[in-house]
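A quick write-up on the structure given underneath.
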Amino acid sequence: MPEIQNPNLQSQGHGGGGGGDIRGTIFFMLLVFTAVIGYQYFFAKPKPEGPATQTQTAQSAAPQTPAAAPTSAPPAQVATSVAPQAPAPTITAAGESEVTVENELYKIVLTNRGAQVKHWYLKKYFDSSGKPLDMVQPQAAARFGLPLSLFTYPDSPVPMSQLNEALYQTTVNGEPIGTGSNLALAPATVVYHYSQNGIEVVKSIHFDTSYVVNVSAEVKRYGTPVRALIQWPAGLGDMEEFRQVGLHTSQIRTPTFFAWSLDNHQDSLAASKVSGNATLNAPYQYAAISDVYFAAAFLPDSPDDTTVVTLHNSVELPVDPSDPNSKQQTADVLGVAIGSIDGVTRARLFAGPKASEILGSVHAVGPSGRADGPSLESLIQFGWLTVIAKPLYLVLRFNVNHFVPNWGWAIIIFTSVFTLLMIPTRIMMTKSQLKMKRIKPKVDAIQARFKHLKTTDPRRAEMNTEMMALYKQEGVNMYGSCLPMLVQMPLFFAYFRVLQNAVELRQAHWFWLKDLSQPDPTHILPIFIIITMFLTQFITPSPQMDRTQQMMMAFMMPVMFGFILWNYASGLALYWGTSNIIYLTTQIGINYSSLGHELRASAGRGKRPGGTTRR
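Quick note on the working numbering: the sequence shown kicks off at 59 and runs consecutively.
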């Protein structure tokens with residue numbers, strides 16, 4: 059929990075100078091905690107060991123790439139023994155047209171110019187202006203391309219620009235359409251056809267009632283298949299830092315990942331470690347780009363024949379989105395293209411929220427040829443504590459679905475129960491600390507008899523033997539202060555990961571908080587956390603510290619943690635503040651108990667500043 063342990067109640071261990079030991083332990087814990095929080099804040103993720111190596115295309119820019127199978131650079135044109143055929147009749151559209159396909163979950167706008175997607179609105183999710191979230195990031199797409207456009211290599215006989223700028227003839231459910239705007243309700247199938255100067259392209263997109271669409275594409279030149287991949291080239295619509303219009307600075311730099319599944323093994327790689335235009339020939343069950351809350355994932359119909367190309371671009375954005383003239387920083391823009399080595403691409407595309415029940419229902423193609431392979435649920439970044447984090451998430455979601463339909467209240471209720479269950483560990487730490495204080499004179503006497511020995515002297519082992527015998531005789535566990543903390547730490551960090559990655563917290567309301575995934579705009583919660591943590595530290599007896607040390611820690615720790623949470627998600631701050639209230643109340647109760655009276659009496663006999671002792 060947020061106050062994993064009270065730093066004033068640490069065991070002083072073997073050596074003398076308990077104040078020094080406790081300060082060292084406190085600073086070590088602060089350092090570890092700060093490092094972990096910083097690590098989580100920037101979503102650092104180590105580069106995984108790929109099961110095979112990659113081969114990059116001529117335009118590949120960076121040396122580091124996720125897993126791929128060893129292969130030579132793919133040919134631009136698929137080899138065939140069939141002689142080139144005569145050009146097919148010219149098939150183009152007279153003008154530009156749009157088709158809008160809708161179901162209860164999305165509204166997708168397609169254009170026949172390039173047979174690609176202009177907008178991919180999610181009806182149940184909204185951007186910061188309150189409009190349905192467009193999965194197509196407009197600024198990035200304008201520079202790097204639209205979803206479902208085609209990718210070809212620089213040496214391809216069919217230029218990529220031609221494929222993505224041509225006007226395709228369009229049919230919806232088998233019926234030709236003219237220019238202008240057209241509406242279709244899912245389930246629906248949109249087919250695009252283009253043929254000119256020996257180049258023929260057929261692209262088919264089928265929409266149903268889920269977040270998944272089926273897409274296929276085939277490109278030929280004089281009847282010969284040409285390798286062309288279907289791509290999602292330019293990030294996700296949740297990347298609002300590109301808009302540069304008065305956003306809070308904490309909203310910028312949405313972290314993105316390249317994620318994949320190979321041989322039922324799922325993994326991901328941070329954007330900074332992904333190569334650009336790197337060809338990966340391997341049996342990918344899926345390949346995806348993902349941010350914290352949304353993902354676009356291709357699931358090929360035939361993983362064994364799959365080619366994946368990682369697309370990595372970058373743009374310069376102002377540090378302060380509200381001030382275009384502020385200092386510039388580089389932002390990564392990830393994309394992914396997928397195809398088949400036989401020249402005909404058939405795949406499913408999931409584009410939507412990273413909600414557990416939704417991702418869990420989307421499965422890759424398994425060895426049987428059916429969609430019974432791994433699901434997309436691993437796209438949720440719970441990390442190595444998934445085994446703890448996922449049950450915590452499910453309990454929270456169950457609470458919202460069946461008891462309190464508000465994530466803020468669900469966090470408060472669950473945190474209260476969670477923290478109360480941890481109260482015995484706090485009492486256990488306090489009792490252990492008191493036992494250590496009781497036997498301190500005996501410990502000091504043993505240490506005094508051996509203090510003339512050097513640290514390397516073998517006779518020092520006798521001191522340790524006597525100390526252990528003393529602990530056993532007095533019934534003291536020298537790790538009694540640490541073991542409860544070790545139980546709490548995994549639970550705390552797992553809970554932290556849940557609150558950081560649950561898409562349900564995005565734009566979830568609680569009183570003045572309009573979005574539990576964003577910092578408290580009024581900073582009421584961080585200030586409340588600082589005050590409650592200070593009060594808890596201040597009223598806690600600290601036998602190992604003099605008054606100056608106690609006051610220093612009482613001020614330093616709350617300020618440090620308040621600073622960390624100042625720009626952190628308010629859902630996490632709500633959990634932290636709830637725990638602080640319970641711990642403060644618990645400490646008041648301990649202070650009025652016989653255990654508290656003995657602790658305060660022991661603290662009253664502690665050292666004054668300067669080394670003198672109270673009597």
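Positions of the beta carbon are idealized from the N, C-alpha and C atoms, including for glycine.
Inset, instruction - Take the Cβ of Leu243 as the centre, count every other Cβ of all protein chains shown within 10 Å, and call the residue buried at 16 or more, exposed below. - result: Label assigned to Leu243: exposed.
Legend entry - Distance, Leu571 Cα to Met614 Cα: Near 27 Å, if we compare the C-alpha coordinates of Leu571 and Met614.
Inset, instruction - Check Glu154 in the structure and name its three-state DSSP category. - result: Three-state DSSP puts Glu154 in coil, outside helix and strand.
Legend entry - Inter-stretch contact at 8 Å, needing at least 3 Cβ pairs: the region 359-369 / the region 393-404: Short answer: they touch.
Legend entry - Reduced DSSP category for Val420 - H, G, I as helix; E, B as strand; rest coil: Val420 carries a coil assignment under DSSP once its states are collapsed to helix, strand and coil.
Legend entry - Alpha-carbon to alpha-carbon, Ile639 and Glu656: Distance between the alpha carbons of Glu656 and Ile639 is about 24 Å.
Legend entry - Test item: CB-CB of Asn240 and Glu156 under 8 Å: For the 8 Å CB-CB criterion, Asn240 and Glu156 form a contact.
Legend entry - Three-state secondary structure (DSSP) of Tyr250: Tyr250: strand per DSSP, three-state reduction.
Inset, instruction - Identify the continuous alpha helix (DSSP H) that holds Lys500 and give its terminal residues. - result: For Lys500, the enclosing alpha helix (DSSP H) starts and ends at Lys498 to Phe508.
Inset, instruction - Could you tell me which of Pro212, Tyr179 and Thr337 sits nearest to Pro196, measuring between CA atoms? - result: Closest option to Pro196, Cα to Cα, is Tyr179.
Legend entry - Backbone CA spacing between Asn322 and Asp430 [nearest angstrom]: The alpha-carbon atoms of Asn322 and Asp430 are separated by roughly 11 Å.
Legend entry - Closest residue to Ser575 among Ile582, Leu583, His581 and Ala566 (Cα-Cα distance): Looking from the CA of Ser575, the closest CA among Ile582, Leu583, His581 and Ala566 belongs to Ala566.
Legend entry - Extent of the continuous beta strand (DSSP E) run through Glu258: Residue range Ile257 to Phe265 is occupied by the beta strand (DSSP E) that includes Glu258.
Inset, instruction - Can you grab the Cα-Cα spacing for the pair Ala200 / Val284, in whole Å? - result: Ala200 and Val284: Cα-Cα distance of roughly 26 Å.
Inset, instruction - Under 8 Å by Cβ, that's how I've got Ala336 and Leu320 pegged, so tell me the actual separation to the nearest angstrom. - result: Under the criterion of beta carbons closer than 8 Å, Ala336 and Leu320 do not qualify as touching, at roughly 15 Å.
Legend entry - Under the three-state DSSP convention, the category Glu532 falls into: Helix at Glu532.
Legend entry - Close-in-space but distant-in-sequence residues of the same chain around Gly441 (CB under 8 Å, 5 per side omitted): Closer than 8 Å at Cβ, skipping near neighbours: Ala447 and Arg555.
Legend entry - Nearest-angstrom Cβ-Cβ length linking Ser490 and Asn459, presumed shorter than 8 Å: With 8 Å as the limit, Ser490 and Asn459 do not qualify as a contact, their Cβ atoms being about 40 Å apart.
Inset, instruction - Might you give, ordered along the chain, the residues of its own chain that have their beta carbon closer than 6 Å to the beta carbon of Ser348, omitting 5 neighbours on each side? - result: Non-local C-beta neighbours of Ser348 in its own chain, meaning closer than 6 Å and more than five positions away in sequence, comprise Phe315, Ala317 and Leu437, ordered along the chain.
Inset, instruction - Within its chain, find whatever has a CB closer than 8 Å to the CB of Gly410; leave out the 5 residues flanking it on each side and keep chain order. - result: In the same chain as Gly410, and ignoring 5 residues on each side of it, the C-beta atoms closer than 8 Å to its own belong to Leu163, Tyr164, Leu180, Met193, Tyr269, Phe352, Ala353 and Ile416, in chain order.
Inset, instruction - Specify the secondary structure class of His370 as computed by DSSP and reduced to three states. - result: In the displayed model, His370 falls within a strand according to three-state DSSP.
Inset, instruction - Could you tell me the boundaries of the beta strand (DSSP E) in which Ser326 lies? - result: For Ser326, the enclosing beta strand (DSSP E) begins and ends at His323 to Ala328.
Inset, instruction - Indicate whether the contact test is met: 3 or more Cβ pairs, each with one atom in the region 375-389 and one in the region 353-364, closer than 8 Å. - result: Judged by Cβ distances under 8 Å, the region 375-389 makes no contact with the region 353-364, as fewer than three pairs qualify.
Inset, instruction - Counting only the same chain and skipping the five closest in sequence on each side, list residues whose C-beta sits under 6 Å from that of Asp573. - result: Cβ neighbours of Asp573 beyond the five flanking positions: Gln565.
Inset, instruction - Determine the extent of the beta strand (DSSP E) in which Ser274 is found, giving its start and end residues. - result: Looking at the DSSP string, the run of the beta strand (DSSP E) that includes Ser274 is Val270 to Arg279.
Inset, instruction - Kindly list the residues whose CB is nearer than 7 Å to the CB of Ala642, restricted to its own chain and excluding five residues on each side of it in sequence; keep chain order. - result: Correcting the residue identity first, residue 642 is Leu in this sequence and not Ala. Cβ within range, chain order: Thr590, Leu593 and Thr594.
Legend entry - Cut-off 6 Å between Cβ atoms - residues of its own chain near His177, not counting five sequence neighbours on either side: If the five residues before and after His177 are omitted, its C-beta is found closer than 6 Å to the C-beta atoms of Val167, Asp192 and Val194, all from its own chain and listed in chain order.
Legend entry - Per-residue burial, Asn231 [other beta carbons within 10 Å of its own, 16 or more giving buried]: Asn231 is exposed by the Cβ-count criterion.
Inset, instruction - Closer than 6 Å by C-beta to Tyr344: which residues in its own chain qualify, once you throw out the five before and the five after it? Chain order, please. - result: Answer for Tyr344: Ser319, Ala355, Leu357 and Ala422, listed in chain order.
Legend entry - Rounded C-alpha distance that separates Leu338 from Asp363: Asp363 has its alpha-carbon roughly 11 Å from the corresponding atom of Leu338.
Legend entry - Same chain, Cβ closer than 6 Å to Ala329, neighbours up to 5 away in sequence not counted: Only Thr314, Asp390 and Leu392 meet the Cβ criterion.
Inset, instruction - Compute the Euclidean distance between the alpha carbons of Arg666 and Leu653, then round it to the nearest angstrom. - result: Confidence is the limiting factor: at Arg666 the pLDDT is only 42, short of 50, which leaves the residue's position unreliable, though a coordinate-based value still follows. For Arg666 and Leu653, the distance between alpha carbons rounds to 22 Å.
Inset, instruction - Pull up the distance between the alpha-carbon of Met521 and that of Gly620, whole angstroms please. - result: When rounded, the distance between both Cα atoms is 43 Å.
Legend entry - Local Cβ density within 10 Å of Pro361, reported as buried at 16 or more and exposed below that: Under this definition Pro361 is a buried residue.
Inset, instruction - Leaving aside the five residues before and after Leu407 along the sequence, list all residues of the same chain whose C-beta is less than 6 Å from its C-beta, in chain order. - result: Taken in chain order, the residues that qualify are Val271, Val273 and Phe356.
Inset, instruction - Assign Tyr650 to one of two classes, buried (16 or more other C-beta atoms within 10 Å of its C-beta) or exposed (fewer than that). - result: By the neighbour-count rule (16 or more Cβ atoms within 10 Å), Tyr650 is not buried but exposed.
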